[in-house]
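Undergrad: Just so you know, the sequences run in chain order A and B. At position 118 of the first sequence (counting the first as 1) the number is 118 in the numbering used here, and the numbers step up by one without a gap. At position 13 of the second sequence (counting the first as 1) the number is 1013 in the numbering used here, and the numbers step up by one without a gap. Below: one structure in structure tokens.
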Amino acid sequence: TRKKMVIPGVGEHPLQYNYTFWYSRRNPGRPASTQSYEQNIKQIGSFASVEQFWRFYSHMIRPGDLTGHSDFHLFKEGIKPMWEDDANKMGGKWIIRLRKGLASRCWENLILAMLGEQFMVGEEICGAVVSVRFQEDIISIWNKTASDQATTARIRDTLRRVLNLPPNTIMEYKTHTDSIKYKESPPSLLFH
Amino acid sequence: GTRIIYDRKFLLDCRNSPLAR
């Protein structure tokens, strides 16, 4: 078991897990290698209670107000928001692409569901990401075991419920091993 | 073991607590 670095204060409501906020931003036009990804990602801080969460969140910029190529990551304390982390390497993520204007509300609903243990998949959830891009925004939720179809189906159904998305919203599940393969050798079709 | 479950409304209500500021 991981050592808990922060504890709930007196009178506060403890969370099932401690979490850490991270922020990353990529300089335009510079492809990110694994190393530079790790260097670009900054820890904002960790919390153990509902009240500590709000103290961070209330002072953070809303994703919809971010510019450029930026991401907020909220992961269980001790799990790095990277494919290579032991908790993530056999895992995958549900990805939802959002038209501009929806990211702030969807991100808040997603992380409140995660902190409140709404997904009901035991230890499976690793964390969540909101990625701000030029044309669209992307939210994703990462879990430990990509091959566990009962878990991934339950996460999908919970996402549909808590995000209250339009019925035509496309949800895509991607394993991290596919993401790594794709990054290392993109399908040749792309270049025909 | 038991899990600590909170719904969205409860979490949003906690935002107004003096402890959350």
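From the three backbone atoms N, C-alpha and C, an ideal C-beta is built for every residue, glycine too. These figures come from a predicted structure and were not determined experimentally.
So, at 6 Å on beta carbons, what are the nonlocal neighbours of E269 of chain A in its own chain, with the 5 sequence-adjacent residues on each side left out?
TA: Since the first residue of chain A shown is 1 and the last is 192, residue 269 of chain A is not available in this structure.
Undergrad: Pull the bridge partners of Q43 of chain A from the DSSP assignment, please.
TA: Per DSSP, A:W22.
Undergrad: Checking 8 Å against the spacing of the C-beta atoms, do S49 of chain A and E12 of chain A come in under that value?
TA: In this structure, E12 of chain A lies closer than 8 Å to S49 of chain A by Cβ.
Undergrad: Assuming contact is defined by CB atoms lying nearer than 8 Å, are R1003 of chain B and N109 of chain A in contact in what I supplied?
TA: No, they are not a contact pair.
Undergrad: Which ranges would you report for the alpha helix (DSSP H) in the segment 97-156 of chain A if only whole runs of at least 4 residues count?
TA: Runs of the alpha helix (DSSP H) inside the segment 97-156 of chain A: 103-115.
Undergrad: List, in chain order, every chain B residue whose beta-carbon is nearer than 7 Å to that of H59 of chain A.
TA: Within chain B, no residue comes near H59 of chain A; the closest Cβ sits about 10 Å away, beyond 7 Å.
Undergrad: If the criterion is Cβ atoms closer than 8 Å, does the pair T151 of chain A and V121 of chain A meet it?
TA: Yes, they are a contact pair.
Undergrad: Mind pulling the beta strand (DSSP E) runs of 3 or more residues that sit fully within the segment 38-91 of chain A?
TA: Runs of the beta strand (DSSP E) inside the segment 38-91 of chain A: 41-49 and 69-76.
Undergrad: Does the beta carbon of W54 of chain A sit closer than 8 Å to a beta carbon anywhere in chain B?
TA: Output row for W54 of chain A: interface = yes.
Undergrad: Taking buried to mean at least 16 other C-beta atoms within 10 Å of its own C-beta, is F191 of chain A buried or exposed?
TA: Low local confidence applies: a pLDDT of 46 at F191 of chain A is under 50, so the model's placement there is unreliable, with the coordinate-based value given in what follows. So F191 of chain A counts as exposed.
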